[in-house]
Structure formats: C-alpha cells, structure tokens
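Asker:
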Amino acid sequence: MANHEDTFKPGSRLSQWLDERLPVARMMHGQFVDFPTPRNLNYLWTFGGILTFCLGVQIITGIVLAMHYVPNDKMAFDSIEHIRRNVNYGWLLRSVHAVGASMFFVAVYVHIARGLYYGSYKAPREILWILGVIIYLLMMATGFLGYTLPWGQMSFWGVTVITNLFSSLDAVIPGLGTAIVTWLWGGYSVSGVTLNRFFSLHYLLPFVIAGVVGLHIWALHVVGQNNPIGIDIKTKSDSVPMAPYAVMKDLFALFVFIMLFAWFVFFAPDYLGHADNYVEANPLVTPPHIVPEWYYLPFYAILRAVPSKLGGVVLMFGSILVLLFLPWLDTSRVRSARYRPIFKWLLVLFFFTFLALGYLGSKPAEGIYVLWAQIFTAYYFLFFLVLMPIVGVLETPSPMPRSITESVLGDRAAPAKS
Amino acid sequence: MTLAHWTNRLAIGALALASGFAGGAATFYSPVHAAGGEPIHIERQEWSFAGVRGRFDREQLQRGFQVYKEVCASCHGLKRVYFRNLVERGGPMFDEESVKALAASWPNQIFDGPNENGDIATRRGALIKRPALLSDPILGPYDNDKQARAAQNGALPPDLSLITKARSVEFHGGVFAHIGQMLMDIANGYQEAGANYLYALLTGYKDPPKGVTLADGMNYNAAFPGHQIAMVAPFVDGSVKYQNEAVPRTVSQYSKDVTAFLAWAADPRLEERKRMGWLVMLYLLVTAVLLYFAKKRLWSTLH
Ligand code: HEM
C-alpha cells in the first residue's frame, strides 16, 4: 500500500547522495521491506514469489541454452543432443529449462486457484488480476513457441495442429484463416522459416512477461495484498512488514518448491515430456496421437469437445478470456470463498472440472471421452457465466471475523485502534 | 533388496487398491504407437539403472556393446555416441587403447569431405573415407536413409542412439489407477518405459498366430505395433559368445544387455545426474529445515 511508514535511512554518504538524486533504494525499501503484508497469509501467498523465481530461472537458463542452440530445421534437433551430451553441464541446463517450464505452470495454476478461492480478483484488484491473465496468456504463448524449438516430431506436429486452428476463421471470412496461417508459418507449411521466427519470439516474450510482471507487482503494491479472510488491513496489528516476516516465509516455501523442481530435474527429467520429441521432426510421418504439453490439456479437451472446428477454437480462447471479466461476473461483495457456503462448493467442483478436462485432453477424442469433455466444458462456462453472477446475489454469507487480527488471535485480540 | 524394490512393492500395493477403486479393471501397458486393434501388453522389467538410485551395471554395458557391435551394427547406426564415450565415466568404461583399436577397425568409416586432392569419391564412385578416431561417431553401414532403404527392402533401420527415449508405452486401466501409477513413478524416478518396450520388441519374435498372413519380407513380432516388422529376429540363443561363461547366452539375456547399453547411449549422463541429484536434494532439505525453524522463531515473537 502506498501510504505506509517509511523507515529507510541511507547508510552511507554515497547512499545519501544518491537518495537525494534518484531514490531507488528508498523505493525498494518501501516496496519490499516496509511494505505491510497481512499477518494471516497462508502458504498459498508464497506462489507469487515462486513465480518470480521461475521466470528468472527460465530467462537465465534460456539465455545460456541459446548460446549452444541452432534455430535451423536441419540442425536444431542435433544441437539439442549436442547440449545434452557434449556441452559442460548442458544436460543440467536443458533439464532445468524443460522441467522449469512445467514447474512455472504448476506454480501459476496454484497462484490462479488461490486468486479464485479468496476472491483476489475483486475490487480493488481488477487491474492486478487482468494483468495476471495477460501474463498467463503470454506464458502459454511462450511455452508453445519454446516447445517447437527441439524440432522433434511432437514439436513439429504440435505446431502444425495448433497454428492450423486459425484456418477455422475461413468459416467467417473465406480465405482469412488460410492467409493468417500462411503468414504465421512464413510459407505454405511449417518449415525452418517457422522455426526461426518462433525462436526469435520465444526469446522475446519472456522479457515482455517480465515487463508485465513489473506492472502486476506495481498494481499489487498500490492496492495491497488480499488475504484468506478477504478483509482489508485496517489497523497496524493486522499487518507485518514484508521483511523479514513475509520474506522468511516465502524463502522457506521457495525451497520446498525447489525440492520438487529438483526432483524432476535429477530423477525424472523426461517424465513430463513426450517420447516422440526424441524423434527428429519428419513432415512425412504423422504421429498417431498428437498431444500438447500437459499444461495445455484442459484447453485442448475443450477444443476437441466441440464438433465444429471454429466453435472449438472460439470456446478454447473463450475459456481463458472469460477470466478477464471475473471481477464483474462475480456479484458477491464477500471476497473469500471461506465465507461463501454455496459458492465454495461450486468452485471446488470447478477445480475438479479443470483437472478432469486435463485428463480428458490426454485421451483420444473418441467415444465416452468426448461426452465427458462436453459435460465438463459445459460446467466450465456455466460456472463463470451463470452460477457466479447468480450465486453472488442469492447466497447468504456465513459470519466473518471483524478483522485480520481477530481472525489470527481470536479472543486475545486487543480492541481495535485505528 | 534395494529402496527402489520396496517402493515398487508399495506401488503395486497402492495400485491394487486404486484399481479396485476404478472397478477392478486390470492394468497393463501397450506401446504408444499401437493404432487400434487389440492392445499389446508390455511388461515392466527390473533395470539396474531405473529409479532414484539407479546405476548402470558396467559389465552389462560392456556385454550390451558387444551385442550391438556383433549384431545390430550391421544394420543400425549409433551416430550420437562417439567412440570416446565408450571410455568415459558412467558408461561401459572400456580401456582407451582397446577403443582406439576398435575405432580404427570399425567397418563404417568416416567421410570427411574432399581429401588432399579435392576428390570426394574414388574412380569407381565410392565415397573416400578414413578410419574412425576416438573423436568420431559410431556410424552404421549406410551413408544415408535412401541407401538404407534400398538395402533393407524399403524399410528404414532407425539410428539407435536415442531409441529408449524415443519409444514409450501407454497405460491401460482406470483413471485412479493411472494417477496412482504416475505418482509412484514420479516418486521412484522411474522413466524406463522405452527400455521396457525395447526389451519386449527384441524378445517378441514368435510364430504368427493362426489366420495372420504376413506381408512380403515381414516378420511377426508380438510387441511391435501392428505386429509386422521388417527387421528379422536379430539373434537366437547362443549367437553371441560372451567372455564370461557364467552369463547365459540366451535371447532374453542379449536383449536385456543391449537394451541397457542403448539406455546408456540415450542418456549418457544418467549416473552423473542421479549422483548430483542426491547432493542437491540433501542441500535443499537441510536449508529448508533451517529456514523453517528460522521462520518459526521469527514469527513466534509476533503473537
Ligand atoms: C509470471 C507469472 C506471475 C508472476 C511472476 C506473478 C507474481 C506475483 C507476485 C509476486 C504476487 C504477490 C505475492 C502473492 O500474492 O502471491 C502476485 C499476486 C497476485 N497475482 Fe500474480 N504473478 C504471475 C501470474 C499471475 C496470473 C497468471 C494471475 C491470474 C490470472 C495472477 C494474479 C494475481 C493476483 C490476483 C494477485 C494478488 C493476490 C492477492 O493479493 O491475494 N498472477 N503475483
């Protein structure tokens, strides 16, 4: 929050000199040391920091990988193998980057689910939330572009299938879709030209993400963090300074997260990938099942649940874009689902739906799988577009504590003084 | 009894429970590439290199290389593996002199571009090649895919450097059993589906069942998707003479050994990776515990 106490004291003559001219240190101190954080945050609030870590890891490992990688259709696959086998610690770099992408998505899904459960998207955090959705879209784009680079069978055919989705626009304006696809490919098929431009964009987008993350954190620090009870900080005893309290907690959570990360890197680096991507891309051989990376599976299931191609594409993009409107679709004034007896269970069902769609996305689109995908897709949209607005009006919230302090200390809470 | 063994036991127990949950459906694996038809069953094998504490068995790698050299190399290349790799730590670790000699006598020589005279081919049109050095890749018999197909009746014997990573198997069974299995595999660091498939393929040659007619030049294989494979059964019992008399000279043993060798070829850093993994995990654990107590102490002053 913008208006908290400033305890910054320049430690040396130099830092005082600088403070009078460009008070960067004072700003950082204000935003990351003094910054008041609600004292009742649980560990789900550590994932923002974890995501920042993930972004840093991807950028650093990515830059070093790019020193050895060759973005050329004849050499890309070989260059990855060269990195795995011959570059010093290349196997480690590559595993960290590949596993890192998955871990980034694990963290972002927890982060988003946290936001949904505790109503962090509601006023005054609308912009913060929307910036989050934009980051998420950029992450998906970056992951998709990156998956092309090893130029394995799944890379090649994944790109072919996904870029081809745009051709469904032909149903709206004849020729439009095909024109877009040709433009994306840089030719009449996925080729080395496509690979080269995808590499360029894959290198660019993480820095765009970093920029939007900057805005995201800025917006966060204007309105302050939400918390598990969804009631604003009112008194000094409701909050603790970010450093050392929140920082220490974040650090512990980060290390636990890195343990999971490292487990995959060292003991199962290929587990999350697909065997077909160890076969070099071959435009003449189509793999029997083309599946995207696990983190896109729920959306892939939605895409295939719809019999019409255009309809599938619209619903798939719609399923993400609908998130942009949550602050207005949710009509309840209570933020935290903890005090919303009906909404809470609808939301839990939504989380289940999302996981189920992920499972169905990994299955062939046939028989009973399609029917289930349609049922879950229906609930996905029903939840956001119908239940959320209605339940917010109908539901009677359960009793809430009066303040953060009361929720933490119960009877021991000192009488509120403001 | 290794740790991996017991965790596997646990996994089987959990699986039994979980599959009960999913209506008692039987669970099994089939090759990912199988398209339609009756699913093929691929058994899981015990591999010394599987799991979080997995290590290659040095002697097995050496025997596996012998099988590759004497059998597979007449059709398949191993181009991402260099002769020097055979000497390095974590691999078969042959001694350097014998690998030098091996490279020099490797029948599939190296084409290095034009020679001193600027020629690339002999008068009779063959590429001019030189003997391999330690720094050269282990090449197969064919200069390119077209030559390979021409020699193999139209079929292409793939390079084997990545084969155990490039194949996988698919789980059949209930949702919950599947999730249980995935969690157990992650917890065990088990990602050897490709090796299981390769072993099943090499031991999968059988007489075709009644009513199955094979296309020309095709062989029946129980594990191969579609069951008709252009590769002939590569060995029979006794084909390869192992030095160590104690090791059985059977198809099953050859298949195990060459699969282990190819698993190393696809993942030559496996031992280094797992060894480092334990150090990293230890460091993370200790730090996390310290951070936890530091955090606890810090926050305890608040209330
Ligand atoms: C690169 C990806 C991202 C990074 C680095 C990031 C970073 C952060 C950080 C550091 C915080 C403060 C700590 C916390 O509350 O966990 C935060 C809060 C928040 N983020 Fe993100 N974020 C990312 C993606 C997203 C996405 C995809 C969304 C939603 C679609 C989102 C929505 C939010 C919201 C609503 C808050 C405020 C939470 C609250 O106060 O309860 N973020 N983010």
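Respectively, the protein sequence lines represent chains A and B.
For the first sequence, my numbering puts the final residue at 418, and the numbers step up evenly by one.
For the second sequence, my numbering puts the final residue at 303, and the numbers step up evenly by one.
We put the beta carbon where it would ideally sit given N, CA and C, even for glycine.
So is residue 191(B) buried or exposed if we call it buried at 16+ other beta carbons inside 10 Å?
Answerer: It counts as buried.
Asker: Between 362(A), 281(A), 85(A), 260(A), which has its C-alpha nearest residue 102(A)'s C-alpha?
Answerer: Put simply, of 362(A), 281(A), 85(A), 260(A) the residue whose alpha carbon is nearest the alpha carbon of residue 102(A) is 260(A).
Asker: Take residue 16(A) and list the residues in its own chain whose beta-carbon comes closer than 7 Å to its own, dropping the five residues that flank it on each side.
Answerer: 10
Asker: Just the chain B side, please: which residues come within less than 8 Å of residue 244(A) by C-beta, in chain order?
Answerer: Simply 298.
Asker: Roughly how many whole angstroms lie between the Cα atoms of residue 165(A) and residue 138(A)?
Answerer: 18 Å
Asker: Below 8 Å on C-beta distance, what does residue 302(B) contact in chain A?
Answerer: 39, 240, 245
Asker: Give the straight-line distance between the Cα atoms of residue 28(B) and residue 272(A), rounded to the nearest whole angstrom.
Answerer: 20 Å
Asker: From the DSSP output, which residues share a beta bridge with residue 42(B)?
Answerer: 29(B)
Asker: Please list, in chain order, all residues of the same chain as residue 203(B) whose beta carbon is under 7 Å from its beta carbon, the five residues on each side excluded.
Answerer: If you ignore the 5 residues before and after residue 203(B), its C-beta comes within less than 7 Å of the C-beta of 251, 252, 255, all in its own chain and listed in chain order.
Asker: Identify whether residue 35(A) lies in helix, strand or coil by the three-state DSSP scheme.
Answerer: coil
Asker: Just checking: is the beta-carbon of residue 284(A) within a distance shorter than 7 Å of some beta-carbon in chain B?
Answerer: So, not an interface residue.
Asker: Take residue 357(A) and list the residues in its own chain whose beta-carbon comes closer than 6 Å to its own, dropping the five residues that flank it on each side.
Answerer: 298, 301, 376
Asker: Can at least three beta-carbon pairs, one atom from the region 151-166 of chain A and one from the region 274-291 of chain A, be found at a separation below 8 Å?
Answerer: yes
Asker: For residue 79(B) and chain A, any beta-carbon pair shorter than 7 Å?
Answerer: no
Asker: Leaving out five residues before and five after residue 55(B) in sequence, what residues of the same chain have Cβ atoms less than 8 Å from its Cβ?
Answerer: 48, 49, 271, 274
Asker: Do the region 248-265 of chain A and the region 286-295 of chain B meet, that is, are 3 or more Cβ pairs less than 8 Å apart?
Answerer: yes
Asker: Can you check whether the C-beta of residue 283(B) is within less than 7 Å of a C-beta belonging to chain A?
Answerer: no
Asker: With a cut-off of 8 Å on the beta carbons, I'd call residue 277(B) and residue 266(A) a contact; round off their distance for me.
Answerer: With a contact defined as Cβ atoms closer than 8 Å, residue 277(B) and residue 266(A) qualify at about 3 Å.
Asker: First and last residue of the alpha helix (DSSP H) that includes residue 434(A)?
Answerer: With chain A covering 1 to 418 only, the question about residue 434(A) has no answer from this structure.
Asker: Using the beta-carbon of each residue, which ones in chain A are nearer than 7 Å to residue 186(B)?
Answerer: 268, 271
Asker: When you check each C-beta in the region 199-222 of chain B against every C-beta of chain A, which residues fall closer than 8 Å?
Answerer: Within the region 199-222 of chain B, no residue places its CB atom closer than 8 Å to a CB of chain A.
Asker: List the whole-angstrom C-beta distance separating residue 32(A) from residue 242(A), where the pair is believed to meet the contact cut-off of C-beta under 8 Å.
Answerer: 6 Å
Asker: Shorter than 7 Å from the beta carbon of residue 395(A) to some beta carbon of chain B?
Answerer: no
Asker: Give the single residue among 44(A), 20(A), 25(A), 323(A) whose Cα lies nearest to the Cα of residue 225(A).
Answerer: 44(A)
Asker: Interface residues of chain D around residue 249(A) at Cβ under 7 Å?
Answerer: In the structure shown, chain D does not exist; the protein chains are A and B.
Asker: Distance check for residue 266(B) and residue 445(A), CA to CA, integer angstroms please.
Answerer: For residue 445(A) there is no data in the structure shown, the boundaries of chain A being 1 and 418.
Asker: Listing by chain order, which chain B residues have their CB less than 8 Å from the CB of residue 275(A)?
Answerer: 32, 165, 166, 167, 168, 193, 194
Asker: Since residue 293(A) contacts residue 90(A) with CB under 8 Å, what's their CB separation in whole angstroms?
Answerer: At roughly 22 Å, the Cβ-Cβ gap does not stay under 8 Å, so residue 293(A) and residue 90(A) are not in contact.
Asker: For residue 318(A), does the three-state DSSP call read helix, strand or coil?
Answerer: helix
Asker: For chain A, find out if any of its Cβ atoms is closer than 7 Å to the Cβ of residue 287(B); answer yes or no.
Answerer: yes
Asker: Just to confirm, are residue 41(A) and residue 107(A) a CB contact at a threshold of 7 Å?
Answerer: no
Asker: What first and last residue would you give for the alpha helix (DSSP H) that runs through residue 57(A)?
Answerer: 47-66
Asker: Checking contacts by CB at 7 Å: is residue 68(B) closer than that to chain A?
Answerer: no
Asker: Sort out for me which residues DSSP pairs residue 138(B) with in a bridge.
Answerer: Bridge pairing for residue 138(B): 78(B) [DSSP].
Asker: Determine which residues share a DSSP beta bridge with residue 241(A) and list them.
Answerer: Answer is 36(A), bridged to residue 241(A).
Asker: Going by beta carbon distance, what residues of the same chain come within less than 6 Å of residue 367(A), once the five residues before and after it are set aside?
Answerer: none
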